[in-house]
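S.K.: Numbering-wise (UniProt numbering), the sequence shown opens with residue 1 and increments by one.
Mind looking over this structure? Questions follow.
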Amino acid sequence: MSKEHVDVESRIQFLSGYPSLARFIASDRDRTTLIYKRFDELAARNLLYLQSELAELQARQRAFDQHDLTATLSVKQCSRNFADFQKSTRADDERQKDRWKLMKDIRETLKEYREALLFESTLATLPRPSKGILRAFLTEFYNQSDGKGEPFPTLGGHSAGLYDDIDDLVALRVQADQDRLTTFVQEYLAFLFPVSSTIARETKVR
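What follows is the structure, encoded as structure tokens:
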């Protein structure tokens, strides 16, 4: 990228809100400002709903199986031969059609459930942001980069409090070479040091 292009980029003004916040996040070369809300409560409830939905589907499937224990031979054949099972659904056998739909519902819900589990497993390995990094981020988010005026959130509505709980935040990138002493200093002695220019770079808004 040419110096001229960089200079032009630095002079662009960004509307306060999503444009300015996105610009601030994207302008950090260290990518330590890639901080987002985890929504752990919503994720937990989603998994609870999915597993309960699967429990209901499993109960229905077991009920089908119990009923078929005393069914005709042709019905039992559908429980051991997929071609016969598929054929019965085309012969206007309403019970087998219901079983077929149940099979499809189980497949779809189980896929969604397991994908959600894997996503949560991956997210659980990602750390929350350090207090120092979050402090610098919030300085920008609450429009206090210049230290003047009353703080106000860049995003409005229910999004105003997105970054209030550090335990419900995830940092997509942390400094790999950060040792324990550096972490301690950032967490507890950040007030002794100025905020990194990379993180505290002021975004021009209007």
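Cβ atoms here follow ideal geometry from the backbone N, Cα and C, with glycine treated the same way.
Pull the bridge partners of Val174 from the DSSP assignment, please.
M.R.: Here residue 174 is taken as the residue at index 174 of the sequence shown, counted from 1. Paired residues: none, contrary to the question.
S.K.: Whole angstroms are fine: how far does the CA of Pro19 sit from the CA of Ala136?
M.R.: Position 136 of the sequence shown, counted from the start, is the residue given in the question as residue 136. Position 19 of the sequence shown, counted from the start, is the residue given in the question as residue 19. Whole-angstrom Cα-Cα distance: 19 Å.
S.K.: Quick one: Cα of Leu172 to Cα of Thr72, how far?
M.R.: Counted from its first residue, the sequence shown places residue 172 at position 172. Counted from its first residue, the sequence shown places residue 72 at position 72. Looking at the two C-alpha atoms, the distance is approximately 58 Å.
S.K.: Return helix, strand or coil for Phe152, following the three-state DSSP convention.
M.R.: In the sequence shown, residue 152 corresponds to position 152, counting from 1. Correct three-state label for Phe152: coil.
S.K.: Quick test of your reading: Thr33 and Phe24, contact by CB under 8 Å. State the CB separation rounded to the nearest angstrom.
M.R.: Here the question's residue 33 lines up with position 33 in the sequence shown. Here the question's residue 24 lines up with position 24 in the sequence shown. Right, the Cβ-Cβ distance comes to about 7 Å (below 8 Å), so this counts as a contact.
S.K.: Find the nearest neighbour of Leu117 within the set Leu69, Ala26, Asp40, Ala22, judged by alpha-carbon distance.
M.R.: By one-based count along the sequence shown, residue 117 stands at place 117. Each of Leu69, Ala26, Asp40, Ala22 was checked against the Cα of Leu117, and the nearest Cα belongs to Asp40.
S.K.: Within the chosen definition, does the segment 90–98 reach the segment 123–141 through at least 3 CB pairs nearer than 8 Å?
M.R.: no
S.K.: Leaving out the 5 sequence neighbours to the left and right, which residues in its chain are closer than 7 Å to Gln96 when beta-carbon positions are compared?
M.R.: Position 96 of the sequence shown holds residue 96. Within the same chain, Gln96 has close Cβ partners Cys78, Phe85, Ser88, Thr89.
S.K.: Kindly provide the ranges of any alpha helix (DSSP H) runs that are 4 or more residues long and lie completely inside the segment 12–69, ordered along the chain.
M.R.: Within the segment 12–69, complete alpha helix (DSSP H) segments of at least 4 residues are found at 18–27, 40–68, given in chain order.
S.K.: Hey, Lys37 and Leu169: beta-carbon distance below 9 Å or not?
M.R.: Your numbering for residue 37 matches position 37 in the sequence shown. Your numbering for residue 169 matches position 169 in the sequence shown. Between Lys37 and Leu169, the gap from beta carbon to beta carbon is short of 9 Å.
S.K.: According to the neighbour-count rule (16 or more other Cβ atoms, all chains shown, within 10 Å of its Cβ), is Tyr49 buried or exposed?
M.R.: Reading the sequence shown from its first residue, position 49 is the one you call residue 49. That one is exposed.
S.K.: To which residues does DSSP link Leu169 through a beta bridge?
M.R.: Along the sequence shown, one-based indexing puts residue 169 at 169. According to DSSP, Leu169 bridges with Lys37.
S.K.: By how many angstroms is the C-alpha of Asn46 removed from the C-alpha of Arg62?
M.R.: Taking the first residue of the sequence shown as position 1, residue 62 is located at position 62. Taking the first residue of the sequence shown as position 1, residue 46 is located at position 46. Roughly 24 Å between the two C-alpha positions.
S.K.: Taking the straight line between their C-alpha atoms, what separation do you get for His67 and Lys111?
M.R.: The residue you call residue 67 lines up with position 67 of the sequence shown. The residue you call residue 111 lines up with position 111 of the sequence shown. Looking at the two C-alpha atoms, the distance is approximately 27 Å.
S.K.: Would you mind stating whether Pro153 and Ser145 have Cβ atoms separated by less than 9 Å?
M.R.: Residue 153 sits at position 153 when you count from the first residue of the sequence shown. Residue 145 sits at position 145 when you count from the first residue of the sequence shown. Cβ atoms of Pro153 and Ser145: not closer than 9 Å.
S.K.: Would you report the Cα separation of Phe119 and Gln51, rounded to the nearest angstrom?
M.R.: Position 119 of the sequence shown, counted from the start, is the residue given in the question as residue 119. Position 51 of the sequence shown, counted from the start, is the residue given in the question as residue 51. Their Cα atoms are separated by approximately 15 Å.
S.K.: Where does Leu117 fall in DSSP's three states?
M.R.: Taking the sequence shown and counting its residues from 1, one reaches residue 117 at position 117. The answer is helix: DSSP assigns Leu117 an H, G or I state.
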